[in-house]
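Position 8 of the sequence shown, counting from 1, maps to 518 under my numbering, and the rest follow consecutively. Virtual Cβ for every residue (Gly too), placed ideally from N, Cα, C.
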Amino acid sequence: MPSKEILVLGEGDKEIIDFLEKVRAANGLRVQLGNDVFSVKISSETASDKGRAFLTKGGPLARHE
């Protein structure tokens, strides 16, 4: 479940911003921290016009019997 907390990054967060740019460019990364390996994915919270149209077109079609 996605976190509802929003972390606002500023100019002083250059290393984090650079890391997120690398994740976005690579469409995800695996990161090793000691013995742990993490899979890092990134996605935008904005929807394209095409995506918005798909999401708002309504539910499944009614069955005609």
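Beta carbon of residue i nearer than 7 Å to that of residue j
i	j	result
G561	K551	no
I527	L519	yes
CA-to-CA distance, residue j to residue i, given in whole angstroms
i	j	result
S549	K567	33 Å
E555	G522	23 Å
V547	V541	5 Å
A535	E525	15 Å
K532	S553	13 Å
D559	K514	24 Å
For residue i: DSSP bridge partner residues
i	result
L539	V550
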